[in-house]
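Below: one structure, written as structure tokens.
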Amino acid sequence: MTELPASLRQQILLEHAGAAEFFRLNRLPIPVSHNTLKDYWHSLPWQQQDLGGWTPESLWEGLQAFLAARQLSADQLSIVQSLEITAGQGKDGTPEAQNLCLRPGEVICIVGPTGAGKSRLLADIECPAQGDTPSKRHILIDGKAPNPEWRFSGEARLVAQITQNMNFVMDLSVAAFLRLHAESRALADPEEAVWRVLDAAVAMAGEPFGPNTPLTQLSGGQSRALMIADAALLSPKPIILIDEIENAGVDRTRALNLFIEKGKIVLLSTHDPLLALSGSRRLVICNGAVVQVLEANSDEQDCVEHLAQLDRSLAAVRQALRRGETLDQQWKERFFTP
Amino acid sequence: MKLITLAGPPSSGKTSLALKVMQQLRDTGLRCGVVKFDCLSSRDGERYQEAGFPALTGLAGNTCPDHFFVSNIEDCARWGHEQQLDVLISESAGLCNRCAPHIRGLYAVCVLDNLSGVDTPRKVGPMLKTADLVIITKGDIVSQAEREVFAHRVRQVNAKARILFANGITGQGSWEISRLWANAAEDDSLSGGQLRFSLPSAVCSYCFGQTKIGRDFQRGVVRRMNIEEDGSHD
Numbered sequence: 001m002t003e004l005p006a007s008l009r010q011q012i013l014l015e016h017a018g019a020a021e022f023f024r025l026n027r028l029p030i031p032v033s034h035n036t037l038k039d040y041w042h043s044l045p046w047q048q049q050d051l052g053g054w055t056p057e058s059l060w061e062g063l064q065a066f067l068a069a070r071q072l073s074a075d076q077l078s079i080v081q082s083l084e085i086t087a088g089q090g091k092d093g094t095p096e097a098q099n100l101c102l103r104p105g106e107v108i109c110i111v112g113p114t115g116a117g118k119s120r121l122l123a124d125i126e127c128p129a130q131g132d133t134p135s136k137r138h139i140l141i142d143g144k145a146p147n148p149e150w151r152f153s154g155e156a157r158l159v160a161q162i163t164q165n166m167n168f169v170m171d172l173s174v175a176a177f178l179r180l181h182a183e184s185r186a187l188a189d190p191e192e193a194v195w196r197v198l199d200a201a202v203a204m205a206g207e208p209f210g211p212n213t214p215l216t217q218l219s220g221g222q223s224r225a226l227m228i229a230d231a232a233l234l235s236p237k238p239i240i241l242i243d244e245i246e247n248a249g250v251d252r253t254r255a256l257n258l259f260i261e262k263g264k265i266v267l268l269s270t271h272d273p274l275l276a277l278s279g280s281r282r283l284v285i286c287n288g289a290v291v292q293v294l295e296a297n298s299d300e301q302d303c304v305e306h307l308a309q310l311d312r313s314l315a316a317v318r319q320a321l322r323r324g325e326t327l328d329q330q331w332k333e334r335f336f337t338p
Numbered sequence: 001m002k003l004i005t006l007a008g009p010p011s012s013g014k015t016s017l018a019l020k021v022m023q024q025l026r027d028t029g030l031r032c033g034v035v036k037f038d039c040l041s042s043r044d045g046e047r048y049q050e051a052g053f054p055a056l057t058g059l060a061g062n063t064c065p066d067h068f069f070v071s072n073i074e075d076c077a078r079w080g081h082e083q084q085l086d087v088l089i090s091e092s093a094g095l096c097n098r099c100a101p102h103i104r105g106l107y108a109v110c111v112l113d114n115l116s117g118v119d120t121p122r123k124v125g126p127m128l129k130t131a132d133l134v135i136i137t138k139g140d141i142v143s144q145a146e147r148e149v150f151a152h153r154v155r156q157v158n159a160k161a162r163i164l165f166a167n168g169i170t171g172q173g174s175w176e177i178s179r180l181w182a183n184a185a186e187d188d189s190l191s192g193g194q195l196r197f198s199l200p201s202a203v204c205s206y207c208f209g210q211t212k213i214g215r216d217f218q219r220g221v222v223r224r225m226n227i228e229e230d231g232s233h234d
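Protein chains in written order, with UniProt numbering: chain A, 1 to 338; chain B, 1 to 234.
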């Protein structure tokens, strides 16, 4: 039997809220009447000491790592005051017209044909770029170049991403999954957070789902709604990048409002007209560069109202057809009366 | 020459990622090569060679690949010096999750993928626990929430490592990794150096080729499951 080093003879953190969880997850008995890790280790039958590949030292390190992870998630930076994108250049070296500054609660839309460079702009923000990507853009957080260390730490990244390609892959129910995420954030009341996200997601999704629905059985719209609610309410990341989520049947206005209420900075790359008009500003991208920054004028605002009406009509038809109805006289009148 | 141990479960994206990172290193003028340790067969050596990187393949065959690794790594390093490499990557697939090829004083990298499930970080063991850099791949196809939970689970078993997200297909994250690898330790400490984690004993009759089932054929270190709580099976 190896003798324990002096450092292990200290009182172990058994009273710590997370310690019991550590032992449970590693299938070790939960310490009850032991004052030190040494006492605990010696109380284990040899089979158990041997089985998990543990040594007293590795057990101590493992426990420390586990408890440090809790602290880390509680400490994450989750608010930025501003996100600046300094002008870079297009694919042919043409300089971009202007610098941009984004504030919390702002939604910026990005439009442009496929291959124009929308994803490059999102990737620049994700990195965050410091003149070292093909666009030569610089990203400033709160007016300063971000700490270079952030680039070398996945956890310090400020950006959450939602794209059309993303799926839930975990074999868990919605509630069990949200509980996992809430626990990883070391929230004071994880259960309350679970219900908040679930309610917001169901309100956004076309069709309701419950806490016991398996994640992998959610429809495209339902899982997109859950991703959005989760990113808005549970993710610590202050900046949200959204790439092409239009075809999912999610209440888009409600989704964007959720981000705005939570003070997130949202960049939305889209081909969908209603979404493209939903931001406070609209960036037009062409040949790798931001060529125009547009703000909605009053003509556009009127158009948005009309488009929203069309969108609601289309949704109503979709619902009617799904219920097995036919598009009779009543529907025809609705569409063709001026 | 810098020697980096790169480990991870099969199909986690080690080779694709290493190729992207080595291309970045080559662009900065560093000469990179690979030794790939595998069990039965591997075509990865050809992938490296096609990309213009010197590559050795070591197949462990009937022996434990991690024991095979530690018996051969010095010779492989010698080969790397002969090839005048600046960086040698030793890539191996963790097979039983109980071992790790990581060596004290040399840069140790573990690759895991988001698709493998959130319980994976707890199952993988020393290959992850003793790594300096943990790279999480395939993040582009799972939700933000799953990425965050996965990274948290990795942090729970390794408090010190850097955790980075990367994509072996698009190369996203490979620049950052190449900067870290360019600063990896030299291999001076290899001979006479020490593994970070002891490789488990495997000295039962089945290790020596026994195929018959039954107590009469079992010799050496044999461990039985404790199926009933009262231990009546022991």
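No residue lacks a Cβ here, since even glycine has one placed at the ideal position from N, Cα and C.
Does any C-beta atom of chain B lie closer than 9 Å to the C-beta of residue 250 of chain A? no
| field | Three-way DSSP call (helix, strand, coil) for residue 219 of chain A in this model | value | coil
Spatial neighbours of residue 146 of chain B within its chain, please: CB distance less than 8 Å, with the 5 preceding and 5 following residues excluded, ordered by chain position.
-> 114 and 118
Between residue 2 of chain B and residue 166 of chain B, is the Cβ-Cβ spacing less than 9 Å? no
Original post:
Can you name, in chain order, every residue of its own chain whose Cβ lies under 8 Å from the Cβ of residue 22 of chain A, other than the five neighbours on each side?
Top reply: 62, 63, 66 and 67
Residue closest to residue 191 of chain B, alpha-carbon to alpha-carbon, out of B/92, B/122 and B/70:
B/70
How about residue 138 of chain A: is its C-beta nearer than 9 Å to some C-beta of chain B? no
request  = Would you please state the rounded distance, in angstroms, between the beta carbons of residue 174 of chain B and residue 20 of chain B? I believe it to be under 8 Å.
outcome  = 4 Å
Open item on the list: Using C-beta distances below 8 Å, list every residue in its chain close to residue 119 of chain A, excluding the 5 sequence neighbours before and after it, in chain order.
Closed with: 243 and 269
> Can you give the Cα-Cα distance for residue 176 of chain A and residue 313 of chain A, rounded to whole angstroms?
Replying inline: 36 Å
### Query
Candidates A/227, A/32 and A/33: which alpha carbon is nearest residue 141 of chain B's?
A/227
At a cut-off of 8 Å, would you count residue 154 of chain A as near the ligand FAD, judging by its Cβ distance to the nearest heavy atom? With respect to small molecules bound, the structure shown includes none, and the ligand FAD cannot be examined in it.
Entirely enclosed beta strand (DSSP E) segments - the segment 117-162 of chain A, minimum 3 residues: 138-141
- Task: For the alpha helix (DSSP H) containing residue 18 of chain B, list its first residue and its last residue.
- Result: 14-27
Quiz item: residue 222 of chain B to residue 48 of chain A, Cα distance in whole Å?
Solution: 15 Å
message = I need the boundaries of the beta strand (DSSP E) containing residue 282 of chain A, first residue and last residue.
response = 281-286
**Message:** Less than 9 Å between CB atoms is the rule here; does residue 168 of chain A satisfy it with respect to chain B?
**Reply:** yes
Tell me which residues share the same chain as residue 178 of chain A and place their Cβ nearer than 6 Å to its Cβ, disregarding the 5 neighbours each side in the sequence.
194 and 197
For residue 132 of chain B and residue 141 of chain A, the rounded distance between their alpha carbons: 28 Å
### Message
I believe residue 193 of chain B touches residue 104 of chain B by the beta-carbon criterion, under 8 Å. Please report the beta-carbon distance rounded to the nearest angstrom.
### Response
6 Å
Any Cβ of chain B within less than 9 Å of the Cβ of residue 91 of chain A?
no
_the segment 153-165 of chain A / the segment 93-108 of chain A touching (three or more Cβ pairs under 8 Å)_ = no
- Message: I'd like the list of long-range same chain contacts for residue 187 of chain B, defined as Cβ closer than 6 Å, with 5 residues on each side in sequence excluded.
- Response: 1, 3 and 77
Below 9 Å between beta carbons: does that hold for residue 83 of chain B and residue 139 of chain B?
-> no
For this session: For the segment 89-113 of chain B, list the beta strand (DSSP E) runs that are entirely contained and at least 3 residues long, ordered along the chain.
Result: 107-113
- CB-CB under 6 Å to residue 172 of chain A, same chain, minus the five flanking residues each way: which ones, in chain order? 215
- Where are the alpha helix (DSSP H) runs, 4 residues long or more, that stay fully inside the segment 51-86 of chain B, in chain order? 65-82
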